[in-house]
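**Q**
Numbering (the working numbering), first residue to last: 72 to 383.
Given below as structure tokens:
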């Protein structure tokens, strides 16, 4: 009897989670010996968890009926470099505009922490490259592409963006720190605490909705450009900017974070509204032929024969 795909996915996620719990103490022992890696145990565990799931998805991709991104034209190319650069440029423009807007509102003030800024610049670059690379490969490359073949891009973007948004509450903010991260049971304890914290910290608006908008923008970028590199540029640039910008600007306390957002920037009313501008910007850079679409575009209606061969 063939096992339903939802059960297969569940088995994979459980197996990946157990693997992450077992591997965590080993990874933690390595992290503690690297001076510039000052991450707390919960964040380190989340990274181990994320990589374990990624490896599982790659190894058992066919068993859970996921398409590989390269099969629909998302491979390494010169055009990919242009798309990556364009994504970075768009998000840097957005962040500079947001910072200028907040400065004009007296929501932010210049407070350059020159002693830490150089470190955060390259650390933000490293974080952006690793996290954006993994998350774009999983959410937009594997999940979104595979679902778009069955459902069309809009419904697929909604589904994957909801998953993308919800899973970010596993970040571990606010959970009780573990006393002995090197213990063999530490990973299992952190896993339980992060799952319970996820339910406790979930905030529909603006946090979850802001993340959903980010996810949908990234899916739209893939659809319009036909390239994972453009969304990786947007995502990686955002992580880099969010890492660096708080060492250049500081909040004045005039506005509540509900309006201006917190550490991640997108979890506020102003940045959510501002992010909507990325939709027409993406449209215009293609219309003006700054970029070319490199793979078929998924549409819910009016598909060409080529599009159908990729997306159903």
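The C-beta atom is built at its ideal place from N, Cα and C for all residues, glycine as well.
(1) Quick one: Cα of residue 83 to Cα of residue 91, how far?
(2) Which class does residue 137 belong to by DSSP, given the choice of helix, strand or coil?
(3) Is residue 359 buried or exposed, if buried means 16 or more other CB atoms sit within 10 Å of its CB?
(4) Skipping 5 residues on each side, what residues in its chain have a beta carbon closer than 6 angstroms to that of residue 94?
(5) Let me check understanding here. Comparing Cα to Cα, which of 313, 139 and 260 lies closest to residue 199?
(6) Please confirm whether residue 193 and residue 320 have their CB atoms less than 8 angstroms apart.
(7) Distance check for residue 261 and residue 115, CA to CA, integer angstroms please.
(8) Is it the case that the segment 295–314 contacts the segment 146–160, given that we only count it when at least three CB pairs across the two stretches are under 8 angstroms?
(9) By DSSP, does residue 320 sit in helix, in strand, or in coil?
(10) Do you know how far the Cα of residue 267 is from the Cα of residue 150?
(11) If you compare alpha carbons, which of 181, 133, 159 and 138 is closest to residue 316?
(12) Say whether the segment 280–292 touches the segment 200–215, bearing in mind that this needs 3 or more beta-carbon pairs closer than 8 angstroms, one atom from each stretch.
(13) So, do the segment 98–111 and the segment 272–285 have three or more beta carbon pairs nearer to each other than 8 angstroms?
(14) Let's see if you can read the secondary structure: which residues bound the alpha helix (DSSP H) around residue 305?
**A** In short, the structure shows the following:
(1) 12 angstroms
(2) coil
(3) exposed
(4) 119
(5) 313
(6) no
(7) 10 angstroms
(8) yes
(9) strand
(10) 43 angstroms
(11) 181
(12) yes
(13) no
(14) 299–315
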